[in-house]
Amino acid sequence: MLSCTGAAAGPAPLIAHDAWVRATPGVDVAAAYLTLHNGGTRAVVVIGVRSALAGHAMIHETALNNGQSSMRPHARLSIAPGQTVRLEPGGLHVMLSMLAHPLAPGEQVPLQLLLEGGGTLAVIAPVRPPGAG
Ligand SMILES: [Cu+2]
Numbered sequence: 004m005l006s007c008t009g010a011a012a013g014p015a016p017l018i019a020h021d022a023w024v025r026a027t028p029g030v031d032v033a034a035a036y037l038t039l040h041n042g043g044t045r046a047v048v049v050i051g052v053r054s055a056l057a058g059h060a061m062i063h064e065t066a067l068n069n070g071q072s073s074m075r076p077h078a079r080l081s082i083a084p085g086q087t088v089r090l091e092p093g094g095l096h097v098m099l100s101m102l103a104h105p106l107a108p109g110e111q112v113p114l115q116l117l118l119e120g121g122g123t124l125a126v127i128a129p130v131r132p133p134g135a136g
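Okay, here's the thing in structure tokens:
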């Protein structure tokens, strides 16, 4: 069972829930989604993402401009104490590119969030079918 670990000193008390990746058959890019909760007393800043299955990974933000959906890099994701941030379809997401192979439903994608100050958070994101959302 997941629980928040409170205000202990040491590693950033960031918790990830509900991670998943949308399958994108036949292409080498995919988007990963998850919910991040900061259970600590200090802000936590995610400064990057890595995945063993992707040559490149970064946080993107989807924005609507004049009715057109576009994505742009979101370099730093700051999460205030007690705050929950959702990376979900239509908003923030982890963009995985240069995938080692197309992702099939049921596969487990390892993600590593890089935190300001040198910490990391490992997350496993299962792949859901293309229509999931
Ligand atoms: Cu993107």
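Counted the way this note's numbering counts, the sequence shown spans residues 4 to 136.
C-beta atoms are modelled at their ideal positions from N, C-alpha and C, and glycine is treated no differently.
Check, Outcome
"Cβ-heavy atom distance, M101 to ligand 1, below 7 Å", "no"
"Local conformation of D31 per DSSP, three classes", "coil"
"Of the residues A103, P16, V32, the one placed nearest V97, counting alpha carbons only", "V32"
"Pairwise C-alpha distance: G109 and V130", "5 Å"
"Backbone CA spacing between V88 and I18 [nearest angstrom]", "11 Å"
"The region 50 to 64 contacting the region 110 to 119, beta-carbon criterion three pairs below 8 Å", "yes"
"Residue from E64, N41, G70 with nearest C-alpha to G94", "E64"
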